[in-house]
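Heads up, the numbering used here is the position in the sequence shown plus 1, with the first residue counted as 1. Just so it is clear, CB atoms sit at the ideal spot from N, CA and C, and this is done for glycine as well.
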Amino acid sequence: MQYEQIRRAIVVVNNHNTLAELGHFLPAQVFQHDVSGLPYIMQVFQAVCTKVTDELVTFLTKTCDDINYMVYEGRLRPSGSKMQYLRHLEDCQHAAKECCRQNRSTLQMLLDQVNVIQGPRSHYETNLINELEMVVTDLNYFHDEIESSLRRISGVCRDIREQLDIVQIRRTSILGILAGLYLPLAFVTSFLGMNLNQFTQPQPSWRNATHIDVTNPGNFTISQSKIVDSGANQAWSLQNFFEIAIPLVVGTILAPLVIGSVIRAFLRALRRGRTWWRLIFTLFVIWLDPNLEGLQCQDS
Numbered sequence: 002m003q004y005e006q007i008r009r010a011i012v013v014v015n016n017h018n019t020l021a022e023l024g025h026f027l028p029a030q031v032f033q034h035d036v037s038g039l040p041y042i043m044q045v046f047q048a049v050c051t052k053v054t055d056e057l058v059t060f061l062t063k064t065c066d067d068i069n070y071m072v073y074e075g076r077l078r079p080s081g082s083k084m085q086y087l088r089h090l091e092d093c094q095h096a097a098k099e100c101c102r103q104n105r106s107t108l109q110m111l112l113d114q115v116n117v118i119q120g121p122r123s124h125y126e127t128n129l130i131n132e133l134e135m136v137v138t139d140l141n142y143f144h145d146e147i148e149s150s151l152r153r154i155s156g157v158c159r160d161i162r163e164q165l166d167i168v169q170i171r172r173t174s175i176l177g178i179l180a181g182l183y184l185p186l187a188f189v190t191s192f193l194g195m196n197l198n199q200f201t202q203p204q205p206s207w208r209n210a211t212h213i214d215v216t217n218p219g220n221f222t223i224s225q226s227k228i229v230d231s232g233a234n235q236a237w238s239l240q241n242f243f244e245i246a247i248p249l250v251v252g253t254i255l256a257p258l259v260i261g262s263v264i265r266a267f268l269r270a271l272r273r274g275r276t277w278w279r280l281i282f283t284l285f286v287i288w289l290d291p292n293l294e295g296l297q298c299q300d301s
C-alpha cells in the first residue's frame, strides 16, 4: 500500500509540470491583442488547471493519510524504513510545492495579459476568466497546505527518531544484563579450567600407543590400540561450578542493581515512621535491660 502511494505521489508531481510547460507555447496572438484566439487559450488552461487541481487534492489527501498513519505507526513500531519513506514523501512535496508555485505564476501571467486586452468580452469569456482566477486562489491554498504538511513531516520524523532512541536504550539494557550474566559465568568457567565432571564414573577413551619390540631383530615398531582412562582430567563437578557462579552473579550483578533501591526505600520508611522506629528502639532497649542486669550480677 505504501509503495502504491509513493508511485501515485510521483505521478501527481510529474503532472504538475504540464501547466508550467504550457506557458512556453502561448500563441502570439494573445500578446498581439488578437481576441480571436483568447477563448481557445483559456479553455486549454481551464482543462489543464482542472486536472492539476484534482490531482493536487488527491495528492494532499493521500499525504495527510500517510502522515496520520505514520504518527501512530511510528510510535508503535518505529523503524528506519518509515523515516526513509517520510523523507521520500517530503521530497515529493517539495517538488509539488515548486510546481504549484510555477503553475500559479504561469496562470497569473496569462490573466494579466488577458486583462490588458481591451474590448468587449462575451459572457463565456468572462466566466472563463473568473474560473481561472478561482484556480489561482486554489493554487495559493494548495501551496499553503503543502507547507503545513512539510512541517508535520519534520515533526513526525523527529518523533520516530526519539522512539528509536528509546528502543535502542531498551535493547542496550537487555544486552548489558545478558553480558553481566555471561561474564561471571565465563570467569568461573575459565577459573575451573573447563574440568567439569559430567558423569559419575570415569569414562574410557581409545588411544593409540606405539611399542618397540627389542626382541625383534629388525626393531620394527608395533602399533597397538588400547583403552586409556581419561576420566582423571574431569576434576570439578557441576555442583561446584554453580556453587561458585551463582553467588558471584548475585554479588556482581543483582546486588548493585537492587541495593540502591533498597537503601532508598529503607531511608524513606525510616523518615516517614520516625515515631514507630523510636518506639521500637525504646522497647528493644527495655527488653535488653534485664539481660544487662543479669550480666552485671554475674560479674560481681
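Terminal residues of the continuous alpha helix (DSSP H) containing I254?
-> Note, I254: premise wrong, no alpha helix (DSSP H); not H, not E.
Length of the line joining the Cα atoms of M43 and Y125 = 10 Å
Taking the continuous alpha helix (DSSP H) assigned at P1, which residues delimit it?
-> Past the edges of the chain, shown from 2 to 301, lies residue 1, and the structure says nothing about it.
Helix, strand or coil at S82 [DSSP, three-state] = helix
Measure the Cβ-Cβ separation of L150 and T253 and say whether it is below 7 Å.
-> The amino acid occupying residue 150 in the given sequence is Ser; Leu does not appear at that position. No, Cβ-Cβ distance for S150 and T253 is not below 7 Å.
Find out if the Cβ-Cβ distance for the pair L61, E146 is shorter than 7 Å.
-> yes
Taking all protein chains shown into account, do 16 or more other C-beta atoms lie within 10 angstroms of the C-beta of G177, making it buried, or fewer, making it exposed?
-> exposed
With C-beta atoms as the reference, is L140 less than 7 Å away from C101?
-> yes
Spatial neighbours of F143 in its chain, beta-carbon cut-off 6 Å, leaving aside the 5 residues before and after | L57 and C101
Classify S150 as helix, strand or coil using the three-state DSSP reduction.
-> helix
Considering only the beta carbon of each residue, do I68 and R153 sit closer than 7 Å?
-> yes
Using a Cβ cut-off of 7 Å (strictly closer), state whether T54 contacts chain D.
-> Here chain D cannot be found, since the structure has a single protein chain.
For S155, the three-state DSSP class (helix, strand or coil) | helix
From which residue to which residue does the alpha helix (DSSP H) around P121 run?
-> From DSSP, P121 is part of no alpha helix (DSSP H); its letter is neither H nor E.
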